[in-house]
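Structure record follows, encoded as structure tokens.
Residue numbers (our numbering): 366 to 456.
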């Protein structure tokens, strides 16, 4: 797989695994909805490598180096974007 070159390519690369992680976090909520998810919940689950084990956290964490966006901010941006299109995502 070619390495991302532009900031847009890096944004898509880092967000791919993050979106899967966000969905996994939503699915373990009692209501299984993105709407009830917040940044605190994401941050609590992030360190547990056994949770959403297929998520390549090192790819997501490249948001800091390649995009200049702190991980917490990147999570917040992605979560808000996904919550805004929750109907399209079936959530």
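We treat Cβ as the ideally placed atom computed from N, Cα and C, and that holds for glycine.
Where in the stretch 397-430 do unbroken runs of the alpha helix (DSSP H), each at least 4 residues long, occur, reported from the N-terminal end onward?
404-410, 422-425
With a 10 Å radius around its C-beta and 16 neighbouring C-beta atoms as the bar for buried, classify residue 444 as buried or exposed.
For this step, residue 444 is matched to residue 79 along the chain shown. Buried: at least 16 other Cβ atoms inside 10 Å.
Which first and last residues belong to the alpha helix (DSSP H) in which residue 368 is found?
Taking the first residue of the chain shown as 1, we reach residue 368 at position 3. Segment: none, residue 368 is in no alpha helix (DSSP H) and carries neither H nor E.
Confirm, please, whether the CB-CB distance from residue 447 to residue 407 is below 8 angstroms.
Taking the first residue of the chain shown as position 1, residue 407 is located at position 42. Taking the first residue of the chain shown as position 1, residue 447 is located at position 82. It is not a contact, given that the beta carbons lie outside the stated cut-off.
With three or more beta-carbon pairs closer than 8 angstroms as the criterion, would you say the stretch 408-423 touches the stretch 376-386?
yes
Does DSSP put residue 388 in a helix, in a strand, or in coil?
The residue labelled residue 388 in the question sits at position 23 within the chain shown. DSSP places residue 388 in helix when its eight states are reduced to three.
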